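Trainee: Right, I'll just put the structure down here and ask away after.
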Amino acid sequence: ISRVDACISSDRRVAYDAVKPMVGVFLWTSYPDRTFVHRVGLEVPAELEAIIARRDYNLMAPNAHLIPDTFVDKFCWAGTPEEVAEKVAAVVEMGIEHITFLPHPPAGGTIHETVREFARSVRPLVAEMVGARE
C-alpha cells in the first residue's frame, strides 16, 4: 500500500503550495533525524532547519514557503493532473496495487473537489500510461 499527500491543480504552483505545509509537518515531527531526507539526496535548508529546531509547531505553516519544491517532488503527488498521473503510474509500475492519498485542496478548493479531480482526471490518465507501457 502506498499513502501519499496529494494536490491536483491546473496551476502547478498552487498545488505545490497546498502540500508544503504537510511536508513541513514531516520535517518537524522527524527532527532531528534527517535520514529519510538524505536518503533521497536532499538537505533541509539551514534557514528552515533553524525554525524547526525552535520546536514551535505553530511556526511551520507560516514558513512553508521555505520548503524547496524538490521536497514536494520527492514526498508528494502535486501538480497538474498529467504530472500527478506520471507519479502515480510510476508507483503502480513498481507493483503497488493499493493506493491511498491524503487530499490537500488547492487554495479556494475543497477536499471533495480534490478527490473528484483525482478520480475524473488522474485515474484515467494512469490507466492509459500503465497500459501503454505494458
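Letter by letter, the sequence shown follows residues 39 to 172 in the numbering used here. Glycine included, C-beta positions come from ideal geometry on N, C-alpha and C. Quantities reported herein were computed from a predicted structural model and do not represent experimental measurements.
State buried or exposed for L65, treating a residue as buried only when at least 16 other CB atoms are found within 10 Å of its CB.
Mentor: Translated into the one-based positions of the sequence shown, residue 65 becomes position 27. Buried is the call here.
Trainee: Using three-state DSSP, classify G147 as helix, strand or coil.
Mentor: Working through the sequence shown from its first residue, we reach residue 147 at position 109. Of the three classes helix, strand and coil, the one that applies to G147 here is coil, per DSSP.
Trainee: Can you tell me which residues form a DSSP beta bridge with S40?
Mentor: The residue you call residue 40 lines up with position 2 of the sequence shown. Looking at the DSSP assignment, S40 forms a beta bridge with I137.
Trainee: From which residue to which residue does the alpha helix (DSSP H) around G62 run?
Mentor: Counting from one through the sequence shown, the residue named residue 62 turns up at place 24. Taken as a continuous stretch (DSSP letters only), the alpha helix (DSSP H) holding G62 covers 50 to 68.
Trainee: Go ahead and pull the three-state DSSP assignment for G117.
Mentor: Locating residue 117 in the sequence shown gives position 79, where the first residue counts as 1. Three-state result, G117: strand.
Trainee: By how many angstroms is the C-alpha of W115 removed from the C-alpha of R50?
Mentor: Against the sequence shown, residue 50 aligns to sequence position 12. Against the sequence shown, residue 115 aligns to sequence position 77. One C-alpha to the other measures close to 11 Å.
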